[in-house]
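Student:
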Amino acid sequence: MSIDREKASARISKLSPEKRAILAKRLQGKGDSDFKTIPQRHRTAPLPLSFAQQRIWFLQQLEIDNPFYNEQIAIHLTGLLDVVSLEKSLNEMIQRHEALRTTFKMVEGQPVQIIASNLTLTLPTVNLCQLPEAQRQLEIQRAATEQSQRPFDLVNGPLLRWTLLQIGRQEYVLLFDMHHIITDGWSLGIIIRELSALYQAFSKRKPASLSELPIQYADFAVWQREYLQGEKLESQLSYWKQQLENA
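Numbering (this note's numbering), first residue to last: 4 to 250.
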């Protein structure tokens, strides 16, 4: 990566003395960051939604049965598959990540997160091996579309579902759907990596080796609500109003 030093210097020269001092501190690793370590929170009461979750929740209320916030991944699996261990791995993911066992209800006029202490789902398996190749491909597409278009119930949950399609003697497609309010593109990558690690352990009759998570998404949501208020919130709003003024 190359850096245009002249352009960088020109931009720095336009900064106020205060901003140049802040930049110098940050470059030296001495910045006075407001971002503290996010603490764990008690689960004795319903917890607030993050701002991103609140936006998704609000838009979903406008069209309660619209599946536009459904997220689907299709994982192609080959080789000998231990279906029991796969189902165990999927449910371990639910237990590991609170967001995957969270629902959203109204309490005193505000949407809140309700985290279930436990949630166990079965892994439905559909055998398509006997179908001709062309028909099999059509059935895979039909099953994926049908599952992805089925609305989620934010109040009662669960907000994820999966189906295992067997398409050959040692070939499968795992359809994994979640509502966007509990996941995003970055989280999907984590889920795939951790699911692989859990399956490798359970299929060999070994315990899971993933380290314990220091915080959960609900902890971040509470921290965000506490951090972005007062002057900090007004500063953020002012900044984005300026950025979007001529958009």
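Every residue, glycine too, gets a C-beta built ideally from N, C-alpha and C.
None of these values were measured; they are calculated from a predicted model.
For L198 versus S92, is the C-beta spacing smaller than 8 Å?
Tutor: Contact flag set, yes.
Student: Could you tell me if D180 is buried or exposed, where buried requires 16 or more neighbouring beta carbons within 10 angstroms of its beta carbon?
Tutor: Its Cβ being crowded by 16 or more others within 10 Å, D180 is buried.
Student: For my contact list, Q122 and R104 are in at a C-beta cut-off of 8 Å; report their separation, rounded to the angstrom.
Tutor: The residue you asked about is not Gln; residue 122 is Leu in the sequence shown. Sure, about 4 Å apart at Cβ, within 8 Å.
Student: Rounded to whole angstroms, what's the CA-CA distance from L83 to G112? Just pull it up for me.
Tutor: Roughly 51 Å separates the two Cα atoms.
Student: Report the rounded CA-to-CA distance for Q56 versus A200, giving the unit in angstroms.
Tutor: In a straight line, the C-alpha of Q56 is about 28 Å away from that of A200.
Student: In angstroms with no decimal places, state the Cα-to-Cα distance between H182 and P135.
Tutor: Spanning the two alpha carbons is a distance of roughly 33 Å.
Student: For E66, which of helix, strand or coil comes out of DSSP?
Tutor: Coil.
Student: Any idea what DSSP makes of K33, helix, strand or coil?
Tutor: Note that K33 scores a pLDDT of 48, beneath 50, so its modelled location is shaky and nothing firm can be said.
Student: At which residue ranges does the region 50-99 contain complete alpha helix (DSSP H) runs of 4 or more residues, listed in the order of the chain?
Tutor: Runs of the alpha helix (DSSP H) inside the region 50-99: 54-65 and 86-99.
Student: Can you give me the Cβ contacts of S151 inside the same chain, cut-off strictly under 7 Å, excluding the 5 residues immediately before and after it?
Tutor: These residues qualify, in order along the chain: P70, N73, Q75 and D180.
Student: Give me the Cα-Cα distance between L216 and E90, rounded to the nearest whole angstrom.
Tutor: When rounded, the distance between both Cα atoms is 21 Å.
Student: Restricting to Cα atoms, I'd like to know which of E101, T125 and E95 is closest to A224.
Tutor: Closest by alpha carbon: E101.
Student: The beta strand (DSSP E) with I170 in it runs from where to where?
Tutor: First-last of the beta strand (DSSP E) with I170: L163 to G171.
Student: In whole angstroms, give me the CA-to-CA distance for V158 and T106.
Tutor: Near 6 Å, if we compare the C-alpha coordinates of T106 and V158.
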